[in-house]
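If you read the protein sequences in the order shown, they are chains A and B. For what it's worth, my numbering labels the leading residue of the first sequence as 146, then goes sequentially. For what it's worth, my numbering labels the leading residue of the second sequence as 146, then goes sequentially. Beta carbons: idealized from backbone N, C-alpha and C, even for Gly. Each remark here refers to the structure printed beneath this line.
There are 2 protein chains.
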Amino acid sequence: MTEDTRKLLDGLGTTVPSVDYKRPTPNQVFEYIRDEIISMQLLPGQKISENTLAEKFSVSRTPIREALNRLSTLGFVEVRPQRGTFVTKLSMSFILEARFIRESLEVAVVNQLAENRVDSMAMECEKILADQAKAAKKKDALLFQQLDDRFHMTLADATGFKRVGGAIELEKAHMDRVRNLSLVELTGQYEHVLKQHHAILDAIMSGSPQQAVQAMRTHMRDVFNILKIAPVNHPEFFV
Amino acid sequence: MTEDTRKLLDGLGTTVPSVDYKRPTPNQVFEYIRDEIISMQLLPGQKISENTLAEKFSVSRTPIREALNRLSTLGFVEVRPQRGTFVTKLSMSFILEARFIRESLEVAVVNQLAENRVDSMAMECEKILADQAKAAKKKDALLFQQLDDRFHMTLADATGFKRVGGAIELEKAHMDRVRNLSLVELTGQYEHVLKQHHAILDAIMSGSPQQAVQAMRTHMRDVFNILKIAPVNHPEFFV
DNA sequence: ATTCCACAACTGGCCTACAAGTCCGTCCGG
DNA sequence: CCGGACGGACTTGTAGGCCAGTTGTGGAAT
């Protein structure tokens, strides 16, 4: 595929996704674009064309629009009528709020889990953390982050609630956009993050809500502090 | 308007809403249906026809579908392909989760406000509570609830965050659906709720995070306990 | 009387065409 | 040379129709 063709695809990457007829088209488009935004393959401020996407997926604008509308309500894209649809720029206040919401929920989760332990959760978490230790050794950033996702999601799901995990994942996604601006710079943090994960899990399993809450709070704030540098290194992606 | 005509409108009420050309049509439809669902004018399990709505609003199905899709992601309606769109039935586990999420956020809000007081917020809250006292005296359920909304929203907005208020409002809306099943039965609770609102505000303004958090927790659980009776009185609306 | 099947009515998913607004380059007049 | 008006090439918004799948009904066969 030539460089010119890539431009025609509006910067949406070269791997053309094929639609699976068994799953709803809007879902597939939604997930595809969302992942491209989170992973910074679609850059903040970049224009997204409904027509281009429609050609790319070989569908009409209708399912594309449905996907973009959902991304819009979640804050990943901004639809400006008669002007275009754009990947939202990052902003510190937005990220700060994401941390606030996420911390509120994560703290509530570990508090509940420490009060009411779930053994199956502990087993799964420990396996995830073991894998994450391997990923840290191999400096596999992508894998490490996926396992980070799964760790927090496993905690949330252990409460038995169905939507909390999704809500946490959403706020985490907004924070991950910033994190993915400079993934390589974070390799030094792996051991630190891993230690905090263990501290959270240990506090939960020892049945100490206050300790678990404190460990999660510390974890959230440390993660956020790492992100604070991003606007300095990449001001063009911030409002 | 005759009873027959009402049936033709698919139970969506008799007041035909006129679209405001200045605002996006999907937004208006979204808000209209959402409010009808929250206020129990559209009952859980009831079928919603896209075509009927399109006629009712004198628009095509396109903006209607956009509104219904948004309502679907928020859990107010359920779209079953080739079968129909239905108002979601209530479920205790869903409401319990709504309380969990809402309590997490509200607690975090008052905690932050107690640590960092905002005087303008206090002024507005006190005015709201004064009005709410009047509404309680007049046993005006609708007004009381609207002011309840505004009280919690004012607290959330005082943090300076833009999305927290909306998130709280959403979970509150799901709880209000249950509450609106038996509004009249709650008149005895007005003074109790009002007292708790004052306790929350006082704790915030006295700069005591722990007290504010505890007051909000108590408030959330008391409100939830009121809702627990609903499935017994109205089992047909629950899954 | 009961079971099964075919058909008609209706649903949401998707497509195409058109409407309305924005942006930018070009051309004309000064 | 400069400035403003105009037009064309975009953008998203909306309308309306077709399609595939589901459902309920009524008639035929047992």
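Start and end residues, beta strand (DSSP E) containing residue i
i, result
"residue 304(B)", "Note, residue 304(B): premise wrong, no beta strand (DSSP E); not H, not E."
"residue 387(B)", "Here chain B covers residues 146 to 384 and nothing more, so residue 387(B) does not appear."
Residue i beta carbon near the ligand FAD (any heavy atom closer than 8 Å)
i, result
"residue 348(A)", "Although the ligand FAD was asked about, the structure shown includes no ligands whatsoever."
Beta-carbon contacts of residue i that lie in its chain and below 8 Å, excluding the five residues immediately before and after
i, result
"residue 271(A)", "346"
"residue 196(B)", "206"
Contact list for residue i against chain B, beta-carbon separation under 9 Å
i, result
"residue 306(A)", "238, 241, 242, 245, 246"
Endpoints, the alpha helix (DSSP H) within which residue i is located
i, result
"residue 342(A)", "335-350"
"residue 322(B)", "309-324"
"residue 188(A)", "From DSSP, residue 188(A) is part of no alpha helix (DSSP H); its letter is neither H nor E."
"residue 369(A)", "354-372"
"residue 377(A)", "375-378"
Residues near residue i in its chain [Cβ-Cβ closer than 6 Å; skip 5 each side]
i, result
"residue 322(B)", "183"
"residue 148(A)", "For residue 148(A), the predicted model reports a pLDDT of 34, less than 50, meaning its position is unreliable; a value from the coordinates is still stated below. Closer than 6 Å at the Cβ level, and outside the excluded window around residue 148(A), lies no residue."
"residue 185(B)", "325"
"residue 318(A)", "183"
Contacts that residue i makes with chain A (C-beta to C-beta distance below 8 Å)
i, result
"residue 261(B)", "Result: empty, since nearest Cβ-Cβ is about 13 Å, beyond 8 Å."
Neighbourhood of residue i by C-beta, 7 Å cutoff - its chain only, sequence neighbours within 5 removed
i, result
"residue 372(B)", "240, 320, 323, 324"
"residue 244(A)", "320, 365, 369"
"residue 205(A)", "199"
"residue 257(B)", "304"
"residue 334(A)", "371"
Chain-ordered chain A contacts of residue i [CB-CB under 7 Å]
i, result
"residue 312(B)", "246"
"residue 301(B)", "Those do not exist, as residue 301(B) stays about 11 Å from chain A at its closest Cβ, beyond 7 Å."
"residue 318(B)", "Simply none; closest approach about 14 Å."
"residue 357(B)", "Neighbours of residue 357(B) on chain A: none; closest Cβ ~14 Å, over 7 Å."
"residue 199(B)", "Residues of chain A passing the Cβ test: none, with the nearest at roughly 16 Å."
"residue 344(B)", "Simply none; closest approach about 21 Å."
Where residue i meets chain A, residues with beta-carbon distance less than 9 Å
i, result
"residue 215(B)", "214, 215, 218"
"residue 211(B)", "210, 211, 214"
"residue 309(B)", "242, 245, 246, 249"
"residue 348(B)", "Going along chain A, no residue has its Cβ under 9 Å from residue 348(B), so there is no contact; the nearest lies around 18 Å."
Interface partners of residue i on chain B, CB under 8 Å
i, result
"residue 368(A)", "Correct list: empty, because the minimum Cβ distance to chain B is about 17 Å."
"residue 360(A)", "Those do not exist, as residue 360(A) stays about 17 Å from chain B at its closest Cβ, beyond 8 Å."
Proximal residues of chain B, C-beta to C-beta of residue i below 7 Å
i, result
"residue 281(A)", "The premise fails here: residue 281(A) is roughly 30 Å from chain B at the closest Cβ pair, so nothing lies under 7 Å."
**Asked** Are three or more beta carbon pairs between the segment 212-222 of chain B and the segment 279-293 of chain B nearer than 8 Å?
**Response** Counting Cβ pairs under 8 Å, fewer than three are found: no touch.
Given 8 Å as the limit, is there contact between the segment 227-241 of chain A and the segment 187-196 of chain A, that is, 3 or more CB pairs closer than that?
Yes, they touch.
Would the segment 299-317 of chain B and the segment 266-275 of chain B be scored as touching if the rule is three or more Cβ pairs under 8 Å? yes
(request) Entirely within the segment 200-255 of chain A and at least 4 residues each: give me those alpha helix (DSSP H) ranges in chain order. (result) 206-218
Counting beta carbon pairs with one atom in the segment 307-318 of chain B and one in the segment 354-364 of chain B, are three or more of them shorter than 8 Å? no
Alpha helix (DSSP H) runs wholly inside the segment 259-303 of chain B, at least 4 long, in chain order | 264-282, 286-303
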